[in-house]
Structures are given as C-alpha cells and as structure tokens.
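K.L.:
Residue numbers (this note's numbering): 3 to 632.
(1) I think residue 286 touches residue 151, with their Cβ atoms under 8 Å apart; what is that distance to the nearest whole Å?
(2) What are the start and end residues of the alpha helix (DSSP H) that includes residue 393?
(3) Roughly how many angstroms separate the alpha carbons of residue 631 and residue 272, rounded to a whole number?
(4) For a test of the three-state rule: what should DSSP assign to residue 586, helix, strand or coil?
(5) Where do the ends of the beta strand (DSSP E) carrying residue 144 lie?
(6) Helix, strand or coil: which one does DSSP assign to residue 625?
(7) When burial is assigned at 16 or more other CB atoms within 10 Å of the CB, is residue 402 buried or exposed?
(8) Could you name the residues that DSSP lists as bridge partners for residue 2?
(9) Buried or exposed: which applies to residue 579, given that a residue is buried once 16 or more other Cβ atoms fall within 10 Å of its Cβ?
(10) Which word fits residue 85, buried or exposed, when buried means at least 16 other C-beta atoms lie within 10 angstroms of its C-beta?
(11) So who's on the other strand from residue 421, going by DSSP bridges?
(12) Can you tell me whether residue 534 is buried or exposed? The criterion is at least 16 other CB atoms within 10 Å of its CB, across all chains shown.
(13) At a cut of 8 Å, does the segment 528-548 reach the segment 437-454 through at least three beta carbon pairs?
(14) Spell out the partners DSSP gives residue 259 in its beta bridges.
(15) Enumerate in chain order the residues of its own chain whose CB-to-CB distance from residue 627 is below 8 Å, with the five nearest sequence positions on each side excluded.
(16) Excluding five sequence neighbours on each side, which residues of the same chain lie with their C-beta closer than 8 Å to the C-beta of residue 537?
(17) Could you tell me which of 256, 288, 226, 209 sits nearest to residue 163, measuring between CA atoms?
(18) If I measure Cβ to Cβ from residue 255 and keep anything under 6 Å in the same chain, skipping five residues before and after, which residues do I get?
(19) Just to confirm my understanding: we take residue 389, look at its own chain, exclude 5 residues before and 5 after, and list those with CB closer than 8 Å. What are they?
(20) Do three or more CB pairs link the segment 556-564 to the segment 410-422 at distances below 8 Å?
(21) Taking three-plus beta-carbon pairs below 8 Å as touching, is the segment 425-435 in contact with the segment 486-500?
(22) Per DSSP, what kind of secondary structure is residue 441 in: helix, strand or coil?
(23) For residue 213 and residue 280, I'd like the C-alpha separation in whole angstroms.
(24) Have a look at residue 379 and residue 427 and give me their C-alpha separation to the nearest angstrom.
(25) Is it buried or exposed, residue 205, if we count other Cβ atoms within 10 angstroms and call 16 or more buried?
(26) Just mark residue 138 as buried or exposed, buried being the case when its beta carbon has 16 or more other beta carbons within 10 Å.
(27) To which residues of the same chain is residue 130 closer than 7 Å at the C-beta, ignoring the five residues directly before and after it?
(28) Between which two residues does the beta strand (DSSP E) holding residue 173 run?
(29) Can you have a look at residue 182 and say buried or exposed, based on whether 16 or more other CB atoms are within 10 angstroms of its CB?
(30) Could you spell out the range, first to last residue, of the alpha helix (DSSP H) harbouring residue 556?
(31) Can you tell me which of the three DSSP states residue 565 falls into?
(32) Nearest to residue 581 by alpha carbon, out of 461, 588, 283, 571?
(33) Following the continuous alpha helix (DSSP H) through residue 516, name the residue where it begins and the one where it ends.
(34) Give the DSSP-derived three-state secondary structure of residue 504 in the structure shown.
(35) Compute the Euclidean distance between the alpha carbons of residue 209 and residue 400, then round it to the nearest angstrom.
(36) Grab me the residues of residue 522's own chain with a C-beta within less than 6 Å of its C-beta, minus the 5 sequence neighbours each way, in chain order.
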C-alpha cells in the first residue's frame with residue numbers, strides 16, 4: 003500500500019521509497035508502546051512524504067511472501083541514509099551497551115571471581131540431583147543422587163585416564179588460557195543462527211566453571227560470566243589442579259560424580275587401577291552419560307564411543323596402534339548392579355529425565371537441584387498399571403506377553419498416565435518403553451484414512467460402499483476379520499465395525515500418499531516414504547509409536563486441533579525460581595466437521611454392535627477403536 007501523506011500538500015506518490023519500511027522497522031526492532039513500528043524521526047518522515055521529484059532513482063519492490071531474503075534486503079539498503087534514518091535509536095543502543103559494559107564486569111568480579119574459593123571447596127561442592135512430583139505435588143522419584151562421593155588427588159588418577167579425557171574433551175587443554183577461540187567462534191555462529199545459547203565448544207576449564215560455579219541459565223550474560231571465570235580459574239590454578247577438580251566433579255552417569263565413584267560403579271575398582279580400555283570407555287561417556295551407559299543405557303554405543311576415544315588418542319600420538327588394538331580387544335568386566343528402579347511410573351520418569359537432558363544438558367541437570375512438577379496423576383497411574391497387568395495376564399493364552407497404556411488430555415496434551423510395559427523387572431522387554439517404540443497399529447489406523455476421505459469429500463458417513471470379495475491388480479486380496487461379507491453398507495457401519503475390505507477400497511480412492519500426508523498432519527512422524535507402502539497401510543502395516551497415535555486421536559476429540567504431548571508442567575530451580583512453565587501449543591490440522599464425524603462414528607454403540615456386541619457399552623459416551631497386530 004502506498005504511504006499516506008499527513009500534511010495538506012499534494013504530492014505525487016510512488017509505491018515504496020525505502021527498502022520495505024515494515025521489514026526495515028522489524029529489522030531494527032524498534033519498539034514503542036509495546037508495538038513494533040518504524041521510528042518517526044524527521045528522516046523517516048522526509049523519506050515517506052517526499053515529493054516525486056526528490057525520490058531516489060532506485061525503487062525497491064516489496065516481497066509479499068517473504069521472497070526477499072536477508073541478503074537481497076541488505077543489498078538494497080541505501081546505506082548512506084542509514085545513519086539519518088535511525089540515528090536516535092542507534093545512539094540509545096550505544097548508551098545502553100556502554101552502561102552494560104560498565105556494570106557487568108565489576109558485578110561479575112564481585113559475585114564470582116572475588117569469592118572463587120580454593121581447589122578443595124570447588125571439588126567438594128554438593129550435587130543436588132532432581133526430584134519429580136506428580137501433578138498434585140506428590141513426589142515419586144529422584145535422579146542423580148550422589149553415591150557417597152569420593153575425591154582423590156591428581157597423583158592417584160592414572161595417566162591414561164587423564165589423557166583419554168583430554169583427548170576427547172579438550173585436546174589443547176595444556177595450551178590455551180582457559181578458553182578456545184576456535185570453540186567460541188563456532189559456538190557463537192551456531193547460537194546466532196539458532197537465536198539461542200545452546201552450542202558446546204567448551205574447554206575443560208569452561209566445563210568445570212559451568213558444572214561447579216554458575217547457574218544453569220542459557221543466555222549471553224551467563225556465557226560472558228563463564229568466559230571471565232574460565233580465564234580467572236586458569237590464571238589462579240595450575241593446569242593439573244584444574245584437571246584434578248574436573249575429574250573429581252564431572253558426572254559419569256549411574257549416580258557417579260567424579261572418577262573414583264565412576265571406577266567403582268562401572269568396574270568395582272578404585273580409579274588408580276583403571277586400565278587404558280576402561281579409561282577410554284569412561285571418557286567416552288562424558289557427552290551423554292545416561293545414553294552411553296553400558297549398564298542402563300546403550301552398551302553397544304558405549305563400546306563404539308570407547309573405540310572413538312582410543313582412535314583419537316592414537317591420532318594425537320598418545321598411544322601406539324598396538325596399544326589401541328590391545329585395548330579394543332580387552333574384555334571389560336562390569337560391576338554387578340541393582341535390579342533397577344522399583345518405583346511407580348519408571349518409564350514416565352525416564353522419559354521426563356530424557357526431556358530435561360535434551361533441554362539443559364546432562365551435566366547441568368545432574369547437579370541442578372531442579373524440582374519437576376510433571377503432568378502425571380499418581381492415583382490414575384497406579385490404576386492403569388494394574389489394568390495393564392491384569393489384561394496381559396488374561397490374554398496370556400493368546401500369546402500376549404506385554405502391554406502398554408497412555409492417557410492424555412486431548413485439549414491440553416498433558417500425559418496423565420504412561421505405562422511403558424507390563425513388568426519393569428522383566429529382563430527381556432520390561433525396560434523398553436512400548437509407548438515410545440513404533441509398532442504396527444492394526445485397524446486403529448483406519449480412522450486416519452477415513453478422515454482424509456471425509457476431508458477430500460470422497461465419501462461421507464452415509465456413502466454406500468461394497469463389502470464383497472475383491473482382488474487388486476497386484477494380486478492383493480484383503481479379507482475381513484470375521485471372514486464374512488456384508489454387501490452394500492454405509493461408511494458409518496464399515497468404520498464402526500472395523501471392516502477391512504471397505505477400508506481398503508476407501509484408501510484406493512484417497513491414495514496412499516494423501517493418507518500418509520494426513521497421518522503426518524496429525525503428528526505421526528514415522529511415515530517418511532509413502533511409496534514403500536501399499537493398500538495394506540489402512541490395515542496398519544505402518545509402524546507408529548503409541549504416543550503419536552494417541553495424539554492423532556486427540557486431534558479428533560479436540561475438534562481438529564492437535565496439541566503437542568507434554569510430560570512437564572513446571573521446572574523450579576534450587577532457589578525456588580520457576581525457570582520453565584508449560585505453554586500449550588495447539589495447531590489446527592483438521593476440519594472440525596471431519597473431526598466431529600470421526601468421533602461420532604467411533605462413539606456410536608448401535609453402529610458397532612454388529613461386530614462388537616455390547617462389550618463396549620459403558621455408562622458414558624466414549625469413542626473407541628480397536629487394532630490388532632502380530
């Protein structure tokens with residue numbers, strides 16, 4: 003839209019006199035009265051209201067759909083006019099930066115550097131772990147409880163252990179002044195592009211500072227404080243002292259803070275007796291101790307990480323190729339462990355822990371002292387665990403050996419109950435969270451295909467469809483579960499009774515790719531290449547995690563609105579500050595009318611009575627869909 007002249011003078015107008023005023027204002031991020039707008043100084047007014055004779059020769063076309071990217075925008079700016087255009091905001095910005103630079107350094111010095119403490123005080127800092135509460139603030143589990151933390155001197159740590167950690171975490175440790183310029187630049191570049199502080203690139207000194215001296219915040223101020231403290235720690239302590247402090251405080255997983263505890267936990271021996279192979283394995287755990295743990299995590303990944311550390315040590319000339327091969331061939335003897343968690347909702351607790359690690363990093367979470375209010379309802383959880391166990395027992399004669407369940411509020415996405423397996427103590431499959439593991443959903447996938455058919459107006463619940471023997475060109479011959487055929491029937495009857503042949507005929511008209519698109523819109527992420535599936539997709543030949551399938555059904559119940567599943571309500575730090583609060587994220591993914599039709603059919607007791615009888619008749623209206631898979 004052409005700029006409007008506010009004075010009484012009549013001017014000839016042209017479309018845009020500056021490189022897209024709205025983009026320019028947004029780029030400068032000038033705010034006034036809570037709204038983003040262009041600064042109305044004399045230069046801006048002059049540019050907007052100038053007569054045609056004074057217009058710049060270069061007229062810039064606006065981009066209606068974001069086609070003008072940042073590069074083109076910068077190229078088109080009249081840089082000689084930039085100072086006049088935004089002179090006042092630039093001055094204000096410089097003043098603010100000057101104040102910040104004048105205030106932050108002394109505050110940082112007085113708060114942290116002045117009271118840095120001795121080597122002993124840093125080593126003995128207590129790690130607080132995390133506590134999980136249910137939605138009603140009832141505690142049900144804690145993680146990262148230190149196992150009688152033991153500290154040892156630098157001389158008692160094997161040389162191979164020190165070298166393995168340096169090789170994998172900070173190969174220039176003995177060369178830099180506490181900071182790595184290359185690492186900082188790499189981290190800043192990633193942080194700027196992501197618009198958040200999350201990138202690593204930290205030296206051992208920086209990791210020590212983060213783990214023992216600073217809060218767990220992620221922002222530019224904390225990065226600055228980390229850098230200042232790293233330089234001061236490097237100035238005040240010797241490199242050997244810094245490495246000693248690091249190895250006595252870093253988290254190795256399984257509740258083990260420090261190398262001595264790690265050696266006892268994993269190998270049932272003191273650190274001074276660790277071999278090269280054992281040292282390399284422990285060093286390889288540091289980036290993700292829980293995930294790489296050979297005890298409760300991925301043992302194969304732990305061994306692959308060990309080989310990477312040994313390869314790096316050989317590459318740096320620390321060990322020879324013969325030493326590397328001998329270490330790789332050494333058969334590691336891991337210490338016997340307790341049988342495992344004996345708590346309510348163990349799979350849910352581990353899922354929450356994994357989410358925290360992804361958000362904050364494990365080294366931070368392990369010593370954070372966070373109190374997590376989760377979405378789970380413990381009373382409902384205990385009922386669900388009993389129901390799953392009873393049902394699996396009842397169906398044991400049908401070769402059913404495991405079960406899982408999830409209860410989710412479709413309007414908020416909050417997970418109220420999560421049972422990952424029938425028996426947590428089962429050595430073979432008890433630790434696998436079947437709610438998160440992709441499985442074939444069977445006929446429970448049918449409503450997704452019917453939703454696409456309704457959405458495209460291919461069929462309606464009243465459309466008559468044939469249920470009779472059919473053979474497709476590729477030889478595929480679908481059959482109904484009961485082996486019967488029902489002739490001409492309405493779609494409502496076909497879906498409510500989960501008949502296979504009508505469902506396949508509907509998918510043929512919808513198209514596999516379109517059905518996959520609907521599944522993706524509803525939050526199912528495992529269908530990446532529709533071309534590998536045939537018409538059997540509608541019968542559940544794809545693999546889908548139960549949590550994603552539940553989220554898809556939640557969109558049906560929520561009027562076509564998909565809500566991201568959530569397990570965490572709040573995160574409170576050890577000072578009592580709420581640092582995270584769940585904000586519901588809702589997306590309209592389906593026509594509300596289509597969502598209503600699917601829900602109405604699945605809750606129609608009369609329509610499904612032909613196949614299911616009265617077994618699913620309950621005291622309240624409930625939308626139900628079964629699914630069977632091998």
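Backbone N, C-alpha and C fix where the C-beta goes; we use that ideal spot for every residue, glycine too.
P.N.:
The answer reads as follows:
(1) Not really, about 22 Å apart at Cβ, beyond 8 Å.
(2) 380-396
(3) 50 Å
(4) coil
(5) 141-145
(6) coil
(7) Exposed.
(8) Lying before the first or after the last residue shown, residue 2 is absent from the chain, which here runs from 3 to 632.
(9) exposed
(10) Annotation note: pLDDT 49 at residue 85 (below 50); position unreliable, no value reported.
(11) 407
(12) So residue 534 counts as exposed.
(13) yes
(14) 253
(15) 445, 446, 448, 449, 500, 555, 604
(16) 474, 478, 480, 506, 509, 510, 514
(17) 288
(18) 287, 291, 292, 295
(19) 407
(20) yes
(21) no
(22) If DSSP states are grouped into helix, strand and coil, residue 441 belongs with the strands.
(23) 24 Å
(24) 22 Å
(25) buried
(26) exposed
(27) Shown here for residue 130: same chain residues with a beta carbon closer than 7 Å to its own, the five before and five after excluded, namely 369, 370, 371, 576 in chain order.
(28) Unbroken run through residue 173: none, as it is neither H nor E.
(29) buried
(30) 548-559
(31) strand
(32) 571
(33) 514-523
(34) helix
(35) 54 Å
(36) none
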